[in-house]
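Please read the structure below before turning to the comments.
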Amino acid sequence: MAKLKPCVLFIMAIALVAATSLSAAPATIARSTTELENGTYLIRLDVAATGTSIYGLKLIDPSASIVDVYAPKGWVAVTDGEDYAARTGDRPIKSGGKLQFLVHSKTKDIQYTWTVYDPLKQIGSPGTLK
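Letter by letter, the sequence shown follows residues 112 to 241 in our numbering.
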């Protein structure tokens, strides 16, 4: 019985760390960049929900290099060159799932600040994509 206690405590500590990690990062975003013939870039963002379903995505591009945006089916996206906003009403990124968003950019050296949203409010803290 004495050997069981340290093992149980170790397992509980791992579970606590895992739960804390999930709540700290509501999403992960992976990117890949393709140079286009005209010297601009297509940036593919694979957005994955790690906790609550994601209904909205906001990117801020301090260099204002966004030319155009493309959203997955069931999502609407808009940009003014510096801010990118995408939203859905009925096709969220469910926990464990991911969707692909495309950004047409003047530069490949991006430093987007990203934020994700549930149906009503921001989820977690903003992150930075470099």
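No residue lacks a Cβ here, since even glycine has one placed at the ideal position from N, Cα and C.
Selection from the options that minimises the alpha carbon distance to residue i
i, options, result
"Asp-191", "Gln-222, Ser-176, Ala-138", "Ser-176"
"Ser-143", "Thr-239, Lys-219, Gly-238", "Lys-219"
"Val-178", "Leu-240, Gly-150, Lys-209", "Gly-150"
Contact check, residue i vs residue j, beta carbons under 9 Å
i, j, result
"Arg-155", "Gln-222", "no"
"Tyr-181", "Val-189", "no"
"Thr-226", "Gly-238", "yes"
"Pro-173", "Glu-193", "yes"
Anticipated Cβ contact below 8 Å, residue i with residue j, distance rounded
i, j, result
"Ile-171", "Val-158", "At roughly 15 Å, the Cβ-Cβ gap does not stay under 8 Å, so Ile-171 and Val-158 are not in contact."
"Lys-205", "Ala-160", "6 Å"
What are the uninterrupted segments assigned as beta strand (DSSP E) that are 3 or more residues long and contained completely in the segment 158-221, given in chain order? 167-171, 177-181, 187-190, 194-198, 209-216
Using 8 Å as the Cβ pair cut-off and three pairs as the minimum, do the segment 198-207 and the segment 152-171 touch? yes
For the 8 Å Cβ check, are there 3 or more pairs between the segment 225-234 and the segment 208-217? no
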